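Everything below concerns the one structure shown next.
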Ligand code: GCW
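Residue numbers (our numbering): 1 to 725.
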């Protein structure tokens, strides 16, 4: 562990850098949504100052030090006022204390203790309440555990940042999901798989001795939205991460993150006992192998007492796994679960499995495999399921596994990094995508059996629950490449804490904290963000199309990909366009993947009367002349959607350009340039796809649409040898 003094020296250093940053005008985005720039409205500022004349803060643990530092920075920045300690409680005071430490002279501790219970209220939850005694106002932030105070204080700071009324607060908040983690697909050489914002944040070579100040800012950002875990390395894992050399480095990061309530997890390679342990096999039922993992777990916990556990990609896309020994995913997961159990760790076992040799629709394979294993997983195993049955496409129906394994705790896996949504150059707010999936109704019990209720454990009464987001962070100064991609990290965290929030309220908060508090600026930006994902679906994969992107790097359109070693990695496998029509028949007459859903969902998707346009070609193969609800033929509708998606990007670009001189110059210019790329690529997608599908439909592009200015051949010949992947 880092000595506590060293830790605070680093923190102080960071504080100074932060203050220097504040005084510079141009905003490079480094400060994320934790800007704490002075509230411009004097009346609001003064009203806040009046309520926070003093601060009463109990406790001097490392967590409470973090709480105090953060609050101090926020008050200093937002209000221009230092944090003034005072325990006599004669002036308006902000009280921050665990329920047992509340000043009993003025507060009824018991009342607070009861308010911190009920409905799965967690130690990480908090209450914020305004109390008036004679002429004095107390704003009380309390919790059962210190991390609750941390989250409570960040919540309170957010109220100030977004200029909310804090006169009469009565807030009770507790995370709905227990494990709220980021998955970093970061390799030990600092490349990031599907990373579009520089190199990995983790400077392995200099660890454990050198602690970058940005590690602390990373932790602050996560804690501010309630993220409480981070898987440091790629699921395509190097076994090296489990060697003593690397475990020491991992431990150093764990020490930095601990006061911020963040646990560290590792992705493991299933064959590690062979790769680094000198064993001949990695068979999960072999006693030597089991012992190896038990010893490895003990070694890790010795270094990292609050280690979170393992994330595993096994028997998927070439990774080793229990099936190499004729064992099941449950055998593999349970072996690791047993090793971690004595120390309190969990296994996050991914359900992203499919095999080219299995001649079955890829959309069915994970379901087929895991439904049979329901009831066989140990109680510290979470099965981590991607939001849709294929692979993080711009739009997919929810994964049919959600709700189908009542005896297994299922975790959600979202992708924050935009592998299939324009890398980091397209402005795509993913809050709406996340919400669409979380709110989807599986109907496995009855109406209202939403995906959110499956993963928060409430539908089937599970005590552990989890959610993962594949991170979009890197060494780019603004962390995520595109400043708007910060909003996706932010929205993921907020929804992981509370999936009942709306995508719109989260976006509004983010804009106010990141770009401007002025409604005339907030509103047009909000509009851009809220429609951005739908636009992207339209210029990339409208009407339920999917998986038609560039080969391997996944950059740009390539619906023509075919004749590759794996047909489930080609585009033609998914769109199935021919002279008659287009789409993947997943109804009874086709692969019948629709049968994996509960009856009401199955019926809705199966019938052309009720299948939403958004999922039409996901489930149906239809003639080019099929008449849509709009009255257009399928071919015309497809063209209109492609054009509309691209046209709206142009409008987004114009809306952004209107903001010149209204927001920070550096941010303005950054987004302006990104929008030029975004528009260019939206048109590229549109043209390439329309021209390609036209070779099958043989129909003209509707006359009111402009013709693509380049040939299909031109688009097919583009190549990008160094595109990130
Ligand atoms: O979407 C695919 C990506 C792979 C990734 C894989 C997975 C980490 O193209 O890069 O590997 O999914 O989720 O395992």
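Glycine included, each C-beta is placed from N, C-alpha and C at the ideal position.
A quick note: this is a predicted structure, and the numbers were derived from the prediction, not measured.
Which of helix, strand or coil DSSP assigns to residue i
i           : result
residue 635 : helix
residue 20  : Low per-residue confidence applies at residue 20: pLDDT is 49, beneath 50, and the placement is therefore not dependable, though the value from the model is reported in the following sentence. Three-state DSSP puts residue 20 in a helix.
residue 50  : helix
residue 275 : helix
residue 468 : strand
residue 243 : coil
residue 736 : Since the first and last residues shown for the chain are 1 and 725, residue 736 lies out of range.
residue 142 : strand
residue 392 : coil
residue 443 : coil
residue 557 : strand
residue 501 : coil
residue 495 : helix
residue 482 : coil
residue 170 : strand
residue 154 : helix
residue 709 : coil
residue 691 : helix
residue 365 : helix
residue 721 : coil
residue 667 : helix
residue 512 : helix
residue 327 : coil
residue 198 : coil
residue 605 : helix
residue 536 : helix
residue 596 : helix
residue 183 : strand
Residue of the options minimising C-alpha distance to residue i
i           : options            : result
residue 57  : 141, 134, 80, 655  : 141
residue 236 : 266, 105, 246      : 266
residue 560 : 570, 553, 554, 566 : 570
residue 224 : 663, 615, 34       : 34
residue 187 : 181, 174, 204      : 204
residue 369 : 376, 375, 359, 353 : 353
residue 375 : 506, 401, 330      : 330
residue 476 : 432, 127, 133, 199 : 199
residue 401 : 426, 365, 416      : 365
residue 72  : 616, 436, 154, 195 : 154
residue 125 : 109, 144, 107, 133 : 144
residue 665 : 694, 704, 157, 515 : 515
residue 83  : 643, 65, 385, 61   : 65
residue 397 : 179, 171, 113, 363 : 363
residue 651 : 662, 668, 676      : 676
residue 703 : 640, 523, 656, 645 : 640
residue 30  : 69, 197, 171       : 197
residue 378 : 385, 356, 349      : 349
residue 321 : 347, 351, 357, 270 : 270
residue 714 : 557, 434, 179      : 557
residue 52  : 607, 92, 434       : 92
residue 389 : 596, 461, 291      : 596
residue 460 : 447, 410, 424, 432 : 410
residue 254 : 444, 245, 306      : 306
residue 240 : 277, 485, 202, 295 : 277
residue 406 : 372, 63, 120       : 372
residue 312 : 509, 63, 479, 468  : 468
residue 427 : 416, 437, 435      : 416
residue 156 : 48, 112, 551, 318  : 48
Presumed contact (8 Å Cβ cut-off) between residue i and residue j, rounded CB distance
i           : j           : result
residue 754 : residue 456 : Outside the shown range of the chain, which is 1 to 725, sits residue 754, and nothing can be said about it.
residue 638 : residue 622 : Contact doesn't hold; Cβ gap of about 10 Å is too wide.
residue 293 : residue 339 : 4 Å
residue 553 : residue 440 : Not confirmed; about 30 Å, so no contact.
residue 670 : residue 511 : With 8 Å as the limit, residue 670 and residue 511 do not qualify as a contact, their Cβ atoms being about 15 Å apart.
residue 264 : residue 226 : In fact, because the Cβ distance is near 17 Å, the residues do not count as touching under 8 Å.
residue 492 : residue 414 : 6 Å
residue 689 : residue 615 : Contact flag wrong, Cβ pair sits at about 18 Å.
In chain order, each alpha helix (DSSP H) run of at least 4 residues that lies wholly inside the stretch 75 to 118: 109 to 115
Residue ranges of each beta strand (DSSP E) within the stretch 401 to 440, 3 or longer: 410 to 415
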